[in-house]
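Asks: Protein sequence lines, in the order shown, are assigned to chains A and B.
Taken in order, the first sequence gives residues 795 to 940; the numbers are from the working numbering.
Taken in order, the second sequence gives residues 795 to 940; the numbers are from the working numbering.
C-beta atoms are modelled at their ideal positions from N, C-alpha and C, and glycine is treated no differently.
There are 2 protein chains.
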Amino acid sequence: MTLTFKALERAPVDSRHDLDAVLEAVRFNADGLIPAIAQQHDSGEVLMMAWMNREALEETLRTGRVCYWSRSRGTLWRKGESSGQQQHLKSAALDCDGDTLLLQVEQMGPACHTGRRSCFYVLLEQDGARIGSAPLIDPDTLYGKA
Amino acid sequence: MTLTFKALERAPVDSRHDLDAVLEAVRFNADGLIPAIAQQHDSGEVLMMAWMNREALEETLRTGRVCYWSRSRGTLWRKGESSGQQQHLKSAALDCDGDTLLLQVEQMGPACHTGRRSCFYVLLEQDGARIGSAPLIDPDTLYGKA
Chain A
795 MTLTFKALER APVDSRHDLD AVLEAVRFNA DGLIPAIAQQ HDSGEVLMMA WMNREALEET
855 LRTGRVCYWS RSRGTLWRKG ESSGQQQHLK SAALDCDGDT LLLQVEQMGP ACHTGRRSCF
915 YVLLEQDGAR IGSAPLIDPD TLYGKA
Chain B
795 MTLTFKALER APVDSRHDLD AVLEAVRFNA DGLIPAIAQQ HDSGEVLMMA WMNREALEET
855 LRTGRVCYWS RSRGTLWRKG ESSGQQQHLK SAALDCDGDT LLLQVEQMGP ACHTGRRSCF
915 YVLLEQDGAR IGSAPLIDPD TLYGKA
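1) If I follow the unbroken alpha helix (DSSP H) through PRO933 of chain A, where does it start and stop?
2) Within the 9 Å Cβ cut-off, does ALA886 of chain A reach chain B?
3) Report the residue from B:GLY892, B:GLY838, B:VAL916 whose alpha carbon sits nearest the alpha carbon of VAL816 of chain B.
4) Please work out which residues of its chain come closer than 7 Å, Cβ to Cβ, to GLU849 of chain A, disregarding the five sequence neighbours upstream and downstream, and give them in chain order.
5) With 16 as the cutoff for other CB atoms within 10 Å, does GLU803 of chain B come out buried or exposed?
6) Near GLY926 of chain A, what residues of its chain come up, given a Cβ to Cβ distance below 6 Å and the 5 sequence neighbours on each side ignored?
7) Considering only DSSP beta bridges, list what GLU818 of chain A is partnered with.
8) So, does the CB of VAL899 of chain B fall closer than 9 Å to a CB anywhere in chain A?
9) What are the boundary residues of the beta strand (DSSP E) that ALA832 of chain A is part of?
10) I'd like to know if GLY892 of chain B contacts chain A, where contact means its C-beta is closer than 9 Å to some C-beta of that chain.
11) In whole angstroms, what is the alpha-carbon distance linking ALA886 of chain B and GLU900 of chain B?
12) Taking only beta-carbon atoms, is ASP932 of chain B less than 9 Å away from chain A?
13) Against chain A, which members of the stretch 856-873 of chain B pass a CB distance test of less than 7 Å?
14) Report all residues from its chain with a CB closer than 8 Å to the CB of THR787 of chain B; omit the five preceding and five following residues, and keep chain order.
15) Could you check the C-alpha separation between GLN881 of chain B and GLU839 of chain B for me, to the nearest Å?
16) Run the CB neighbour count on ARG911 of chain A, radius 10 Å, all protein chains shown included, and call it buried at 16 or more, exposed below.
17) Whole-angstrom Cβ separation of HIS835 of chain B and GLN879 of chain B, contact assumed at under 8 Å?
And the structure:
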């Protein structure tokens, strides 16, 4: 692995002053959102990409549990709140123009709502799209329907 | 590494029929764009995130060289065209809802316009943002200004 991140076991950021200093570098888009890529910190697997507003990012940095903004539901989306498949934040980095986040996380179980470890399982191949991995867990079990 | 991707040395997609079949699964946003995450295929390092329109994605799949859409310039952005720091496509995957791409690439030199290997070098830490890595190459050299 040649990750450029300092693999720090970061204590959550908790004072208002610190949070403001951290968030100063972040450029949210016209909708007040920023894309956040979640990567499993030790394997390097890219798990998912979702969006955060300022409140979601603040909560993530303050608590050390990853919280996104659900664009479809229009609410904070505390990852794993209903499924138990939480993401614990190890470190966070911004890109060169401050408009994309990369989170190093410890993913509990599958990241994907389909029960797969990663959301990126649809392979674009020569003759079309192909499903590239099987669920680890039945999604009905994941969300308590089975 | 536990990447779910089939690490195929893909021959570029070249027939119109094949391209249409591959692109059928892709959901572009209201602006006709989709975010694409580029990951170094062997190390797992996340290099950058940029946007593609349909034409950029078609060109990427057809040629095996990664091409983005520059939102600031409003043109196709053939990665490395001016700097020589190209990205050669190894494989491409879509996420579960079809609106984000993950590209496995062979990155020639630095991916970032600052001369750094990865664009994600601004670390969000307890007391603010900190630069986490040094350039591999002076950006003036990269773009032929020095």
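Replies: In brief:
1) Sequence index remark: in the first sequence, residue 933 of chain A carries index 139 (1-based). That run of the alpha helix (DSSP H) goes 933-936.
2) For the purposes of this step, residue 886 of chain A is identified with residue 92 of the first sequence, where counting begins at 1. True, the Cβ-Cβ gap to chain B drops below 9 Å.
3) For the purposes of this step, residue 816 of chain B is taken as residue 22 along the second sequence, with counting starting at 1. Residue B:GLY892 holds the alpha-carbon nearest to the alpha-carbon of VAL816 of chain B among B:GLY892, B:GLY838, B:VAL916.
4) Position 55 of the first sequence holds residue 849 of chain A. Cβ neighbours of GLU849 of chain A beyond the five flanking positions: LEU870.
5) For the purposes of this step, residue 803 of chain B is taken as residue 9 along the second sequence, with counting starting at 1. Summary for GLU803 of chain B: the model assigns pLDDT 47, below 50, so the residue's position carries little reliability; its value from the coordinates is reported in the next sentence. So GLU803 of chain B ends up on the exposed side.
6) To locate residue 926 of chain A, count along the first sequence from 1; it is residue 132. Cβ neighbours of GLY926 of chain A beyond the five flanking positions: TYR915, LEU917.
7) Reading the first sequence from its first residue, position 24 is the one you call residue 818 of chain A. Its beta-bridge partners do not exist; DSSP assigns none.
8) By 1-based counting over the second sequence, the position of residue 899 of chain B is 105. Not closer than 9 Å to any Cβ of chain A, the Cβ of VAL899 of chain B fails to qualify, so no.
9) One-based indexing of the first sequence puts residue 832 of chain A at position 38. Start and end: 828-834.
10) Stepping through the second sequence from its first residue, residue 892 of chain B is reached at position 98. Answer yes: the Cβ-Cβ gap between GLY892 of chain B and chain A drops below 9 Å somewhere.
11) Your numbering for residue 886 of chain B matches position 92 in the second sequence. Your numbering for residue 900 of chain B matches position 106 in the second sequence. ALA886 of chain B and GLU900 of chain B: Cα-Cα distance of roughly 12 Å.
12) In the second sequence, counting from the first residue as 1, residue 932 of chain B sits at position 138. For ASP932 of chain B, no Cβ of chain A is located within less than 9 Å of the residue's own Cβ.
13) none
14) Because chain B in this structure spans residues 795 to 940, residue 787 of chain B falls outside the shown range and cannot be described.
15) Counting from 1 along the second sequence, the entry for residue 881 of chain B is found at position 87. Counting from 1 along the second sequence, the entry for residue 839 of chain B is found at position 45. Looking at the two C-alpha atoms, the distance is approximately 14 Å.
16) Translated into positions along the first sequence, residue 911 of chain A becomes position 117. Counting Cβ neighbours within 10 Å, ARG911 of chain A comes out buried, since at least 16 surround it.
17) Position 41 of the second sequence, counted from the first residue, corresponds to residue 835 of chain B. Position 85 of the second sequence, counted from the first residue, corresponds to residue 879 of chain B. Contact doesn't hold; Cβ gap of about 16 Å is too wide.
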